[in-house]
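**Student:**
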Amino acid sequence: MAKIRWGVLSTAKIAREHVIPALQSSSLGEVVAIASRRPEQAQQTAAALGIARAHDSYEALLADPEVDAIYNPLPNHLHVPWSIKTMQAGKHVLVEKPLGLDASDAQKLLQACADYPDIKVMEAFMYRFHPQWQQIRELCDKVIGPVRNIQCEFSYNNRDASNIRNNADMGGGALMDIGCYGVSLSRFIYQSEPTRVCGHMNFMNYEVDAITSAIMAFSEGTGSFSCSTKTEPGQWAKICGEAGFISIPRPFNPTADSEAQITVQHNDQTETITLAPANQYRAMGDHFCDAILHNKPVPTPLQDGVNNMKVIDRIIASAKAGQWVDV
């Protein structure tokens, strides 16, 4: 079977450490080119990761005739413009989350898709491709449901004040970087959109939020999360239903190619389920490549990314107003 030939826009950490190795070991894809505005960085990364070609500009990568698809892990403010440029170059694009700076920005990318109906575009919310979430959704439907409350926490400590994630113009902040997972998770489990939200943001003398918490009201129940870039790394999620609950110790980035565990409590009985080793980045890449090779819809429609941004926008509006707001 043919493989999709990937090019990577920039030498971002997530690309170097997670996505490129996963794509290189995937069944349906291979990374053949990488670009950086610092040529030596592109060359070093290409040599270290076994990538055939290193380009000294993003434009050169998009013009590479031996590249079929682009992975875009650029800073948040460059997600939409460079994804559109990728489409204009005739290449499919997997763009990192969050999709844009806000819903209006993300909508530009969605609208551009109408001009390129043969180009596949998807937001890279990789956690949804881990097998644990297929198991969890089945448990929600058949064991603990109906679901009434979802809670999660995601944090790390960004001690570098100059890091791009602390730059407001680049779309930085805890909510955009990791709080977007908390929004996505509740929408993913409920399979619906919240009707209103209540958010609180703490900036801790930064120009972006360092700690954000939010509650989202759905017709089926509630979803809540906290995210922080000023506490030690950690994550967890809990999904509560009328007949039981599920605890997930690593909901968003379980260790690649290692076993994952979830705990289910039902009828006063507790069971720990161990899942076989998996790599969610590899699975995401193969699903996206499969959509290209067989001309199928991508697993996660781009509208989902726009809708996620709409909720993020309203959480920000709520935090500014100090009250609940409608979505």
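So for the sequence shown, full-length UniProt numbering puts the first residue at 1; every next one is plus one.
Ideal Cβ placement from N, Cα and C applies to all residues, glycine included.
1) By the three-class DSSP mapping on this structure, what secondary structure does residue 272 have?
2) Let me confirm a value: residue 258 is counted as buried when at least 16 other C-beta atoms fall within 10 Å, else exposed. Which label applies?
3) Which first and last residues belong to the beta strand (DSSP E) in which residue 210 is found?
4) Using 8 Å as the cut-off, can you tell me whether the stretch 23-33 makes contact with the stretch 271-290, which would need three or more C-beta pairs spanning the two stretches below that distance?
5) Return the bridge partner residues of residue 266 from the DSSP annotation.
6) Check this for me: beta carbons of residue 190 and residue 125, under 9 Å apart or not?
7) Drop a sphere of 10 angstroms on the beta-carbon of residue 134, count the other beta-carbons inside from all chains shown, and report buried for 16 or more, exposed for fewer.
8) Is residue 92 near residue 60, with beta carbons less than 9 Å apart?
9) Could you tell me whether the stretch 284-295 touches the stretch 263-274, using the rule of 3 or more Cβ pairs below 8 Å?
10) Residue 51 lies in the beta strand (DSSP E); which residues open and close that run?
11) Measuring CA to CA, which of 9, 287 and 37 is closest to residue 86?
12) Distance, Cα to Cα, residue 264 vs residue 75?
13) Is residue 6 buried or exposed, if buried means 16 or more other CB atoms sit within 10 Å of its CB?
14) DSSP state of residue 62, grouped into three classes?
15) Tell me the residue span of the beta strand (DSSP E) that contains residue 308.
16) Take residue 219 and list the residues in its own chain whose beta-carbon comes closer than 7 Å to its own, dropping the five residues that flank it on each side.
17) For residue 366, report the span of its beta strand (DSSP E) as first-last.
18) Considering only residues of the same chain and omitting the five flanking positions on each side of residue 266, which have a CB-CB separation below 7 Å?
19) Hey, how far is the Cα of residue 223 from the Cα of residue 252?
20) Please list the terminal residues of the continuous beta strand (DSSP E) segment that includes residue 28.
21) Using alpha carbons as the reference points, say which of 216, 231, 304 and 234 lies closest to residue 316.
22) Does the distance from the C-beta atom of residue 97 to that of residue 158 stay below 9 Å?
23) Identify, in the order they occur along the chain, each residue of the same chain with its Cβ nearer than 8 Å to the Cβ of residue 35, setting aside the five sequence neighbours on each side.
24) Within a Cβ cutoff of 7 Å, which residues of the same chain sit near residue 178, ignoring the five residues on either side of it in sequence?
25) I'd like the span of the beta strand (DSSP E) that includes residue 123, first residue to last.
26) Using a 10 Å radius around the Cβ and a threshold of 16 neighbouring Cβ atoms, would you call residue 232 buried or exposed?
27) Give the secondary structure of residue 324 by DSSP, where H, G and I count as helix, E and B as strand, and everything else as coil.
28) Pick helix, strand or coil for residue 138, following the three-state DSSP scheme.
29) Between which two residues does the alpha helix (DSSP H) containing residue 94 stretch?
30) If you draw a straight line from the C-alpha of residue 39 to the C-alpha of residue 12, how long is it?
31) To the nearest angstrom, how far is the alpha carbon of residue 95 from that of residue 173?
32) For the beta strand (DSSP E) that residue 179 lies in, which residues bound it at each end?
33) Could you check where the beta strand (DSSP E) with residue 8 kicks off and where it finishes?
34) Are the beta-carbon atoms belonging to residue 84 and residue 109 less than 9 Å from one another?
**Tutor:** In short, the structure shows the following:
1) Working through the sequence shown from its first residue, we reach residue 272 at position 272. Residue 272: strand per DSSP, three-state reduction.
2) In the sequence shown, counting from the first residue as 1, residue 258 sits at position 258. The residue is exposed, with fewer than 16 neighbouring Cβ atoms inside 10 Å.
3) In the sequence shown, counting from the first residue as 1, residue 210 sits at position 210. Taken as a continuous stretch (DSSP letters only), residue 210 belongs to no beta strand (DSSP E), as it is neither H nor E.
4) yes
5) In the sequence shown, residue 266 corresponds to position 266, counting from 1. In the DSSP output, where bridge partners are listed per residue, residue 266 has 244 and 269.
6) As a working note, residue 190 is residue 190 in the sequence shown. As a working note, residue 125 is residue 125 in the sequence shown. Not closer than 9 Å, so no.
7) Translated into positions along the sequence shown, residue 134 becomes position 134. The residue in question, residue 134, is exposed, as its Cβ has fewer than 16 Cβ neighbours within 10 Å.
8) If you number the sequence shown from 1, residue 92 lands on position 92. If you number the sequence shown from 1, residue 60 lands on position 60. Not in contact: residue 92 and residue 60 (Cβ atoms no closer than 9 Å).
9) no
10) Mapped onto the sequence shown, residue 51 falls at position 51. Here residue 51 belongs to no beta strand (DSSP E), and DSSP marks it neither H nor E.
11) As a first step, residue 86 is located in the sequence shown; it is residue number 86 there, counting from the start. Of the listed residues, the one whose Cα sits closest to residue 86 is 9.
12) In the sequence shown, the residue the question calls residue 264 occupies position 264. In the sequence shown, the residue the question calls residue 75 occupies position 75. Residue 264 and residue 75: Cα-Cα distance of roughly 37 Å.
13) The residue given as residue 6 occupies position 6 in the sequence shown. Classification of residue 6: buried, given that the 10 Å Cβ count is 16 or more.
14) By one-based count along the sequence shown, residue 62 stands at place 62. Of the three classes helix, strand and coil, the one that applies to residue 62 here is helix, per DSSP.
15) Counted from its first residue, the sequence shown places residue 308 at position 308. Per DSSP, residue 308 belongs to no beta strand (DSSP E); it is in the alpha helix (DSSP H), 302-321.
16) Within the sequence shown, the letter at position 219 stands for residue 219. 192 and 195.
17) The chain is shown only over 1 to 327; residue 366 falls outside these bounds and no answer can be derived.
18) As a first step, residue 266 must be located in the sequence shown, where it is residue number 266. Cβ within range, chain order: 143, 144, 243 and 244.
19) Here residue 223 refers to the residue found at position 223 when the sequence shown is read from its first residue. Here residue 252 refers to the residue found at position 252 when the sequence shown is read from its first residue. So the alpha carbons of these two residues sit roughly 16 Å apart.
20) Position 28 of the sequence shown, counted from the first residue, corresponds to residue 28. It is not in any beta strand (DSSP E) - residue 28 carries neither H nor E in the DSSP assignment.
21) The residue you call residue 316 lines up with position 316 of the sequence shown. Of 216, 231, 304 and 234, the residue nearest in Cα terms is 216.
22) As a working note, residue 97 is residue 97 in the sequence shown. As a working note, residue 158 is residue 158 in the sequence shown. Their beta carbons are not under 9 Å apart, which means residue 97 does not touch residue 158 by this criterion.
23) Position 35 of the sequence shown, counting from 1, holds the residue named residue 35. Closer than 8 Å at Cβ, skipping near neighbours: 7, 8, 9, 10, 42, 54, 55, 56, 57, 58, 60 and 61.
24) If you number the sequence shown from 1, residue 178 lands on position 178. For residue 178, where only same-chain residues beyond five positions count, the Cβ hits under 7 Å are 154 and 227.
25) Walking along the sequence shown from the start, residue 123 turns up at place 123. 121-123 is the span of the beta strand (DSSP E), which, as asked, contains residue 123.
26) What you label residue 232 is simply residue 232 of the sequence shown in a count that begins at 1. Per the 10 Å Cβ criterion, exposed.
27) The residue you call residue 324 lines up with position 324 of the sequence shown. Residue 324 falls in the coil class under three-state DSSP.
28) In the sequence shown, residue 138 corresponds to position 138, counting from 1. Here residue 138 sits in helix by DSSP.
29) Residue 94 sits at position 94 when you count from the first residue of the sequence shown. Residue 94 -> not in any alpha helix (DSSP H); beta strand (DSSP E) instead, spanning 92-95.
30) By 1-based counting over the sequence shown, the position of residue 39 is 39. By 1-based counting over the sequence shown, the position of residue 12 is 12. Roughly 14 Å between the two C-alpha positions.
31) Here the question's residue 95 lines up with position 95 in the sequence shown. Here the question's residue 173 lines up with position 173 in the sequence shown. Cα-Cα distance, rounded: 19 Å.
32) Within the sequence shown, residue 179 is the residue found at index 179, counting from 1. Where residue 179 is concerned, there is no enclosing beta strand (DSSP E), given that its DSSP letter is neither H nor E.
33) Here residue 8 corresponds to residue number 8 of the sequence shown, with the count starting at 1. Unbroken beta strand (DSSP E) run through residue 8: 4-9.
34) Here residue 84 corresponds to residue number 84 of the sequence shown, with the count starting at 1. Here residue 109 corresponds to residue number 109 of the sequence shown, with the count starting at 1. For residue 84 and residue 109, yes; Cβs fall inside 9 Å.
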